[in-house]
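**Student:** Residue numbers (the working numbering): 1253 to 1833. Idealized CB from N, CA, C, for every residue including glycine. Only a predicted model underlies this, so the values are computations on that prediction, with no experimental measurement involved. Have a look at this one before I ask anything.
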RNA sequence: GUGCCUGUAGCUCAGCUGGAUAGAGCGUUUCCCUCCGAAGGAAAAGGUCGUUGGUUCAAUUCCAAUCAGGCACGCCA
């Protein structure tokens, strides 16, 4: 809707351009609502933003912008204020086209194709397949899935990917744990000290042991470890992965692809990655310096290793890729995995990791840069941890005592939608306090309720109008004359709806899903306010049985509002509620 | 020791590539249901945007120091 306005501003700016050193694109032009509505419907600060680059005075540029804006039919008036703000008022007729665009496009109103169907790989969750997903994974899963939805909105071809760490010591430990439970289930006695520090003693391993017996009976019981280990490794990974997929489904997350670390290694991708880096001169044998944080009496010792020169690509220190016993490090596997992604054709990648992985960001970015000759790029988003509270009191979790909360616990307790909302309603860099009691309260302590309530109220109006139907066909509303919507609350709502695609685009580009619930809360607030105005001012009621034309105009605004709320909730993976009773 | 993140109203948080008088909710105080859902709305009070410098027409936003809190840093995965 705003592209014509942006275009005119861009043309005005180019008038001052003296060199071709840079290009002014419409995306660079900021349009927003002034804090004070009396200044106008929208403003741009482009004259000031570009005055330095264009070497012109902001006022002169603003005058040129004004001249071009005035040539547009939808502009009522333009004024220049302060150091160079250009404020303008839109004609009533403009709102007709805004509402109609939403009525016609539906949830596609916020979509654009500015990313040209480019492929992008979003890797998230990637939990070790050694147990059920826990609460930390919940934020990861929701964050990753909403980012994926947003990226699709702006025209990316998104692959949602889960990397399975299905080899290494922790898998062997899992298999050994399974074997102990297997023995136990077959009547053998096991003692607590047989579970070493790195093993898994959770009850879920007992369940897997039963499944193992169902299929294999007691045939491993008296066999040596090298005979059962490979089979039990595979068996336990498969079982854990099945559970992980169920857990993810319970909060509405479906992956497009699962990629196995073992499969990558089998393809000799590690060797290939190493070759590639060697060709670039990024591999050498050396000794890493002692990390400063390690105290003197620690058992750290110098060791010669094969190293990746990641400092060349912005990392703090070079990274080991081969252990002294000759086997690969975990990072070597990651080099292989990211080379695999690059070879699959992804130039853009996103990774979602918990804040405790912050030390890993630079080396991953270095790896992608080095392996792709700087052609591919990975953006890592770290999210802070979630504290779980029970009515204000923190719930302590410990793996040892078995008092850790699983993702399934959370979903069972508060449901998919509340879980998802809580996980993305805050900036990813901010810790979340997730209170089980407050999360399901029906008040403003629970903002999701407020948004759902607005949606349900709109459905309620439609029910009253149609005698029972919670929706109205947009086609019945397109011809309504929306220029009669003149109350400041109505116009305020329309202005907010106008900017919805801007918010979606901004949230997607910044990889900041929390902007969506923030926006929806504002929409809900504007709507509730309008609703209550109708209580005292009967001329603002949505349904006026004596005036069909007026009623349709108002219902079209409601339908547009409903569409945008629904769209926003869809992006968040939350199901809108047609009634709350 | 180094790196990353956080610090905005009593509390929990927004604040979009620097923009005009810094915004919500909770809590507190006062109003608004014979009327489409009061699980709502209107209004008041509440701030030296951790501190100090710097960059410029303009800094909560950028830069540098500094204080406070969180996380991380070895051949773990």
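Below 9 Å between beta carbons: does that hold for residue 1457 and residue 1433?
**Tutor:** yes
**Student:** Buried or exposed: which applies to residue 1646, given that a residue is buried once 16 or more other Cβ atoms fall within 10 Å of its Cβ?
**Tutor:** exposed
**Student:** Identify whether residue 1513 lies in helix, strand or coil by the three-state DSSP scheme.
**Tutor:** Helix, per DSSP.
**Student:** Quick one: what's got a C-beta closer than 6 Å to residue 1561's C-beta in the same chain, skipping five residues either side?
**Tutor:** 1534, 1570
**Student:** Please report the residue range of the beta strand (DSSP E) in which residue 1557 lies.
**Tutor:** 1556-1560
**Student:** Out of 1665, 1807, 1782, 1787, state which residue places its alpha-carbon closest to the alpha-carbon of residue 1724.
**Tutor:** 1807
**Student:** May I have the straight-line CA-CA distance separating residue 1524 from residue 1518, to the nearest angstrom?
**Tutor:** When rounded, the distance between both Cα atoms is 11 Å.
**Student:** So residue 1686 is in the beta strand (DSSP E); what residue range does that whole segment cover?
**Tutor:** Its beta strand (DSSP E) spans residues 1684-1687.
**Student:** Go ahead and pull the three-state DSSP assignment for residue 1729.
**Tutor:** coil
**Student:** Could you name the residues of the same chain whose beta carbon sits closer than 7 Å to that of residue 1492, not counting the 5 residues immediately before and after it, in chain order?
**Tutor:** Result list for residue 1492: 1381, 1382, 1383, in chain order.
**Student:** Could you check the C-alpha separation between residue 1779 and residue 1820 for me, to the nearest Å?
**Tutor:** 15 Å
**Student:** Between residue 1660 and residue 1499, what straight-line distance do the alpha-carbon atoms span, to the nearest angstrom?
**Tutor:** 6 Å
**Student:** Residues in the same chain with beta-carbon distance under 6 Å from residue 1279, minus the five sequence neighbours each way, listed in chain order, please.
**Tutor:** There are no such residues.
**Student:** Compare the beta carbon distance of residue 1367 and residue 1408 with 9 Å and say whether it is the shorter of the two.
**Tutor:** A contact, by the Cβ cut-off of 9 Å.
**Student:** Does residue 1371 come out as helix, strand or coil in the three-state DSSP assignment?
**Tutor:** strand
**Student:** Near residue 1329, what residues of its chain come up, given a Cβ to Cβ distance below 7 Å and the 5 sequence neighbours on each side ignored?
**Tutor:** 1340, 1341
**Student:** Give the list of continuous alpha helix (DSSP H) stretches no shorter than 4 residues that lie fully inside the region 1364-1423.
**Tutor:** 1387-1405
**Student:** Name the two residues that bound the continuous alpha helix (DSSP H) containing residue 1253.
**Tutor:** Looking at the DSSP string, residue 1253 is not in any alpha helix (DSSP H), and its letter there is neither H nor E.
**Student:** Assign residue 1344 to one of three DSSP states: helix, strand, or coil.
**Tutor:** Three-state result, residue 1344: helix.
**Student:** Quick one, are the C-beta atoms of residue 1824 and residue 1753 less than 9 Å apart?
**Tutor:** no
**Student:** Compute the Euclidean distance between the alpha carbons of residue 1490 and residue 1675, then round it to the nearest angstrom.
**Tutor:** 28 Å
**Student:** Determine the direct distance from the alpha carbon of residue 1365 to that of residue 1253, and round the result to whole angstroms.
**Tutor:** Going from the Cα of residue 1253 to the Cα of residue 1365 covers about 14 Å.
**Student:** Which one of 1611, 1616, 1608 has the shortest CA to CA distance from residue 1602?
**Tutor:** 1616
**Student:** Does the Cβ of residue 1664 have 16 or more other Cβ atoms within 10 Å, making it buried, or fewer, making it exposed?
**Tutor:** exposed
**Student:** Can you give the Cα-Cα distance for residue 1563 and residue 1351, rounded to whole angstroms?
**Tutor:** 53 Å
**Student:** Could you tell me whether the Cβ atoms of residue 1264 and residue 1319 are closer together than 9 Å?
**Tutor:** Yes; because the gap between Cβ atoms is below 9 Å, this pair is in contact.
**Student:** Considering residue 1639, what are the terminal residues of the beta strand (DSSP E) in which it resides?
**Tutor:** Annotation: the continuous beta strand (DSSP E) that includes residue 1639 extends over 1638-1642.
**Student:** Taking contact to mean 3 or more Cβ pairs, one atom from each stretch, closer than 8 Å, check whether the region 1808-1818 and the region 1691-1707 are in contact.
**Tutor:** yes
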